[in-house]
Structure formats: C-alpha cells, structure tokens
Amino acid sequence: MGGVNFRSLTFMILIAFFVWCSSIETCIARRGKHWRQSRYAAALSKKKGGSHGHRNYHNGGSKPKPPPPQSHKATPSPKPKEEVPPSTPSPHGGYGYDQQSTVFNVLDFGAKGDGKSDDTKAFQDTWAAACKVEASTVVVPAEFVFLVGPISFSGPYCQANIVFQLDGTIIAPTDARPWGKGLLQWLEFTKLKGIAIQGKGILDGRGSGWWQDAPYEDPYDDERKLIIPLNSTVQERPPMPVRNELSGKMPSIKPTALRFYGSFNVTVTGITIQNSPQCHLKFDNCMGVVVHDITVSSPGDSPNTDGIHLQNSNDVLIHSSDLACGDDCVSIQTGCSNVYIHNVNCGPGHGISIGSLGRDNTKACVSNITVRDIVMHNTMNGVRIKTWQGGSGSVQGVLFSNIQVSEVQLPIVIDQFYCDKRKCSNETAAVALSGITYEKIRGTYTVKPVHFACSDSLPCIGVTLSAIELKPVQERYHLYDPFCWQTFGELTTPTVPPISCLQIGKPKNNRVQSDHDVC
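As numbered in mature numbering (1 follows the signal peptide of the UniProt record, and there is no 0), residues -23 to -1, 1 to 496 make up the sequence shown, in order.
So this is what it looks like as structure tokens:
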C-alpha cells in the first residue's frame, strides 16, 4: 500500500514538472517577442526624433494591462523587422533624395559644378524638391562653379521660409542661344513667402558681351548734359567696355541678374553680384525686404547696370553694403514707400536716386524715404531726384542725411526735366515734389555742388537745407555755382558754398494738385 502511494506521488510530481517546463518555454517565447518589438519601436521613435520618455507607474501613472491568456504551447518567436537607419548626409553635405530631409544640395540632383556643363536642370530639380518642404535649404556648395541659364524659382505653391544657401559661384551663359530673343531676368524668385538668399558665394552675370552690343538707342543718364569738361566738349556716349571675345551677338533685351517679384519677407545677405548685363538686384511688388552685407561690382562704364532697383515695393531696409556699378547704386522707382537705406558705400556709379518718375505721362508715387550715413566716391551724382515732364503723382517725405561725398560731380540734384533720349517735348504737367530735406551733406565735388531744376507749373516746395559743406576738388572741370529753378524752402544753417538761389517760403501761385495727381 505504501509502495503504491509512493509510485502515485512520484507520477504526480513528474506531471507537474512537465507542465511547469512548458510554462517556462512559453514565457520565454513571449518575453523574446515583446523585447524585440520594443527595440524596433524604440528605433522608429529615435529615427523620427521623438522621445516620449519613460512612463512612471509609481507616481500616479496607470499600470499596463496584463497580457491576454496564452496557450501553454510554445509559439515560435517572430523575426524582428529590419531597422531603418536615420538619414545620412551625402558626401556633398546634402541629404540626397530622403523625403524627410530639409536640406537639398544641387550636387545630389546632378549638378556638375565644373563651370562648363549646363547645370540648369539640376537647379530646377533641386528647387522642385525644396519647394515642397517648409523651411528647407537649397545648398550651392563652395569651391564649385555652376553654369546656369535663365531660370525661375517660383511659387506661389511653394512652402514658406526657404533658404537659398549660396556659397559657390553661379555664372551666366555668354552665348546667345539660352537667351532666345531676350529675357528680362537671369535668376528670378517669384511669389514666395519668407525667401532668403544668403552665403559667401558669387552670382556672375558675365555681362561684357551685352554692354558692348548695347544699341545706340539705349537710354543713358541725362545728367551728363550738366557735365562740361574744360575743352567744352561732351561725349554723346560714354566709351563701352572692352568686348568679351567669347560672346556672340546678344539679344537687345538685357536681363537683370537677380530679381524678386511678388514676394513677402525677402532677405538677401552676404553674397556678391557682379558684371550683370543690366540691373544687378531688383525687387518688384515685394513687401518686407532686407538687404545687407552684400557686394555689387561692375565697371563704372557698364551701361544701365544699377546696383539695387526698387519698384512697387514697401518696407525696405538696405544697409552695410558696397555697391559699385555703371548706373545708380540704388534706384527707387514708383510705388515705393517706407524705404530706409544706411551705411552703404557707393562708387563708381551714378549715386542714389529716386526716379526717374513720370515717363510717358504716367503717375508716380514715392513717400517716406530715408537715405543716411552714406559714403560716395567718384560718382556722377550724389543724392538725386529725377522726374520726366508730363508725369503726375508725388514724391514726399524724403530725408538725405550724413552723406560723405568725394570727387562727386553733382552731389545734390533735383531734375524735373529728365530725358534719357535724344529729344523730349516740353510739357506743363509734373510729378509734385515736397518735403525734401538735405542735412550734413559734406565733401568734394568736381562740377557743381547743387542743381535744383523744378517744374514751372508745379514748383518744388518744402526743400530744407542744413549743414551743407561742399568744396571743389581741382580746376579739372569748369566749376559752377549752385543752381536753383522754381525751388522753395528754407536754409536752417549757413551753407558752403552759399545757396542763395533757394527761394525762402512758398510760391505765391502754387498750383493745387488735382485728384488725378494725388497719390
């Protein structure tokens, strides 16, 4: 009896042992499954950059629910999924075609950067990818030269706050074929929000072929008529730069190197723009523009190569830049208001100008312009306002302050008889000028210190002069006294030389602007 009980007890112990082992295998299998899944989930979380931390179940956190009941039969562990490594930068500093990247290097899209291969399509493809990603960056890397034809980096369906990081050099084609019958711009950014072009790179328009091919009918600066050398002869045309031997006959329409159109919150900083066929940097219908620490460089005799051209643009800040060109360092056209320019070096060039305005009997409106802390050397003009006869509209609220001029031909100019072609007809209508202040304009001139030529029918009013000190350099040119015509205002301090031609007060028969004239 005792033997039987002993055998029964032994049998029951063996059964319990086998059941216990089976449970251990099942637990181990489940443990392996959960461990592998947790490791994969952690890898995905790390790849996405998210970290939710560890839940603390000892401080009010809810405890995890127990797993559902499992069969005691051991199940095979599933194979772990292959982990996807995070995006790895390409050898060029970009991130290739990774859709999660925000950096797009033109080299990763096929650009050669050897200065000979046409990289236009690579730039287009890079932009197309970057356009879809908010706050993306297009990288044009240093130590490469990219030959790029005319291209438009356009919205309006691009995401906001794109950065165009220009550290290399982009050069324009010098043969006529890419330009067709002529284009108005080389590189254009249109209908964008929060676009920034920055870096230490260069845009080279290689414009000498265009300058040489400039037709005789092209407009030229009318202020040359005021400059009379000692031999009493005036060149009808300035000498053209030496022609680029590699260039062919270029189209008569000359492109601007870099243009922004219809964009908000535009920034251009750090870059160099040189040798543009025409204007170097243009803003048209833009709002919220900041330009600083840029360099513009082209020969002083390159025709119509304005440094910065503003048109129909508001809330503009330009500062801490060096502008050397063959036309106005800064040109402010119709539709501009709230423009602040300071700490700019200008020269060679034609100075800083408002206008020309009112051409072909058009209406022009410019207001709230401040130009201060400027250094000008070897320029045709200093600070200037120029309008055409027959125009309408107004220029008002302008301050020119602390302008240092050196060997400038005409430091202070208002010309309401501007004409950049051979012949212009006399007309009575004019753009109204009022509230123009000149203060602390100092330095040397080579022709005439002040030239005020205002409209007979609509004289300039509210012209204020203060702390003007302008002295001649040498007798290389006939030197003229200050000239004033139909200019009214006040002298708040003595001036050098005396500007006695300014009429104090207001005109007796000042014509009241019509509704058509008012901006």
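Glycine residues also receive a C-beta, built at the ideal position from the N, C-alpha and C atoms.
State the CB to CB distance for the pair Ser131 and Thr167, rounded to an integer number of angstroms; the pair is presumed to be in contact (CB under 8 Å).
4 Å
Contact set for Lys485: own chain, Cβ-Cβ below 8 Å, skip 5 residues either direction:
none
Who are the near neighbours of Cys137 in its chain, counting only those whose CB is closer than 7 Å to its CB and skipping five residues on each side?
According to the sequence shown, residue 137 is Ala rather than Cys. Only Glu111, Lys170 and Gly171 meet the Cβ criterion.
Opening and closing residue of the beta strand (DSSP E) in which Gln381 lies:
Ser369 to Val385
Does Ile481 pass the burial test, meaning 16 or more other C-beta atoms within 10 Å, or should it be called exposed?
exposed
Cβ-Cβ distance between Thr282 and Ala173 below 9 Å
no
Candidates Ile362, Thr339 and Met357, of which the one nearest Thr347 by Cα
Ile362
Looking only at its own chain, which residues have a Cβ that is under 6 Å from the Cβ of Glu416, when we skip the five neighbours before and after it?
Ser378, Ser443 and Ala444
Hey, quick one: how far does the beta strand (DSSP E) through Trp462 stretch, first residue to last?
Phe460 to Trp462
Thr469 versus Trp462, Cys461, Leu479 and Gln162, residue with shortest Cα-Cα distance:
Leu479
Classify Tyr134: buried if its beta carbon has 16 or more other beta carbons within 10 angstroms, exposed otherwise.
exposed
Near Phe121, which residues of its chain fall below 6 Å by C-beta distance, leaving aside the five closest residues on each side in sequence?
Gly90 and Gly145
Terminal residues of the continuous alpha helix (DSSP H) containing Lys98?
Thr97 to Ala107
Let me confirm a value: Arg336 is counted as buried when at least 16 other C-beta atoms fall within 10 Å, else exposed. Which label applies?
buried
With C-beta atoms as the reference, is Ile309 less than 9 Å away from Ser275?
no
Between Thr244, Ile391 and Gly277, which lies nearest to Ile271 when the distance is taken from Cα to Cα?
Thr244
Proximity winner among Val375, Val83, Ser333 and Ser298, relative to Cys323 (alpha-carbon distances)
Ser298
What are the start and end residues of the beta strand (DSSP E) that includes Trp156?
Neither: Trp156 is in no beta strand (DSSP E) and is coded neither H nor E.
DSSP puts Cys342 in a beta bridge; with which residues?
Ser371
Ala105, buried or exposed, once every other Cβ within 10 Å from all chains shown has been counted against 16:
exposed
Whole angstroms are fine: how far does the CA of Lys340 sit from the CA of Pro436?
17 Å
Asp85, DSSP secondary structure in three states
helix
Under 7 Å Cβ to Cβ from Asn242, same chain only, skipping five residues before and after it: list those, please.
Lys170, Gly171 and Gly265
If you compare alpha carbons, which of Lys448, Arg399 and Ser402 is closest to Ile418?
Lys448
Whole-angstrom C-beta distance between Leu180 and residue 525, which should lie under 8 Å:
What is shown of the chain runs -23 to 496, which leaves residue 525 out entirely.
Does DSSP put Gly186 in a helix, in a strand, or in coil?
helix
Tell me, which residues are paired with Tyr422 by DSSP?
Val385 and Pro449
Apply the 10 Å Cβ neighbour rule to Val390 and answer buried if 16 or more other Cβ atoms are within range, or exposed otherwise.
buried
Could you check how far apart the C-beta atoms of Tyr422 and Gln463 are, in whole angstroms? I think they sit under 8 Å.
With a Cβ gap of about 23 Å, Tyr422 and Gln463 do not count as contacting.
Tell whether a beta-carbon distance below 9 Å holds between Ser411 and Thr364.
no
So Ala107 and Ile139 are supposed to be a Cβ contact under 8 Å. How far apart are they, rounded?
6 Å
Endpoints, the beta strand (DSSP E) within which Thr249 is located:
Thr249 to Gln251
Mapping DSSP to helix, strand and coil, what is Asp392?
strand
Just reading off the beta strand (DSSP E) that Arg336 is part of, what are its end residues?
Here Arg336 belongs to no beta strand (DSSP E), and DSSP marks it neither H nor E.
Using the Cα positions of Ser383 and Thr249, report the straight-line distance between them to the nearest angstrom.
24 Å
Taking Asp181 as part of the beta strand (DSSP E), name the residues at either end of that continuous run.
Ile179 to Asp181
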